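Numbering (my numbering), first residue to last: 87 to 259. Where a beta carbon is used, it is the ideal one built from N, C-alpha and C, also for glycine. Nothing here was measured: the structure is a model prediction, and the numbers come from that model.
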């Protein structure tokens, strides 16, 4: 029983080892190029800005640049760009539309899409905290330096934002 069960155990171990080697070789040849592609496709540059101060547009129904949330970044040939703006809006009551509208401005050109709105119609609470998030990705920016800003527009005088951040990433798609 000792010698024959040792041979059987050795044979089973060899089969398991050969199976593991086969699975490893299969994975290497099947997924090796995909792993190399992932190494090339990655985030190339990151820029970040934050403003912890409260801000409210000074003029009703007018696009205004949010101060301290502009980033100058560099795009290289073949890169795409991702933008992310996050903030918290404080919306005060109003009988009618009361909101803050946000969009991006790239190199001084306001993008009217995408945009996001914080607020609503006939807000009747003392005030509402509304999370704000706006993101955009493009592959149409030419190589070189660019500037992105966040644009805000309000419908009534008391609405404001607090604790805002802006993130820009360049990446290879």
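Status (buried if at least 16 other CB within 10 Å, exposed otherwise) for residue i
i: residue 205; result: buried
i: residue 229; result: exposed
i: residue 100; result: exposed
i: residue 138; result: exposed
i: residue 234; result: buried
i: residue 200; result: exposed
i: residue 158; result: exposed
i: residue 97; result: exposed
i: residue 94; result: exposed
i: residue 256; result: buried
i: residue 145; result: exposed
i: residue 107; result: exposed
i: residue 175; result: buried
Expected contact under 8 Å - CB spacing of residue i and residue j to nearest Å
i: residue 252; j: residue 140; result: The Cβ separation is near 16 Å, so there is no contact.
i: residue 173; j: residue 226; result: Contact flag wrong, Cβ pair sits at about 26 Å.
i: residue 216; j: residue 128; result: 34 Å between Cβ atoms; not a contact.
i: residue 242; j: residue 178; result: 7 Å
i: residue 188; j: residue 202; result: 5 Å
i: residue 232; j: residue 192; result: 6 Å
Whether residue i touches residue j by CB criterion (7 Å)
i: residue 218; j: residue 133; result: no
Any non-hydrogen atom of the ligand MG within 6 Å of residue i CB
i: residue 130; result: As presented, the structure is devoid of all ligands, the ligand MG included, so that no description of it is given.
Span of the beta strand (DSSP E), counted from its first residue to its last, around residue i
i: residue 218; result: 214-224
i: residue 238; result: 230-240
i: residue 176; result: 166-177
i: residue 151; result: 150-161
i: residue 133; result: 129-137
i: residue 246; result: 246-257
The segment 230-240 contacting the segment 149-167, beta-carbon criterion three pairs below 8 Å: Under the Cβ criterion (8 Å, minimum of three pairs), the segment 230-240 counts as touching the segment 149-167.
So, does the segment 216-223 touch the segment 161-169, judging by three or more C-beta pairs under 8 Å? Yes, since at least three Cβ pairs between the segment 216-223 and the segment 161-169 fall closer than 8 Å, the two stretches touch.
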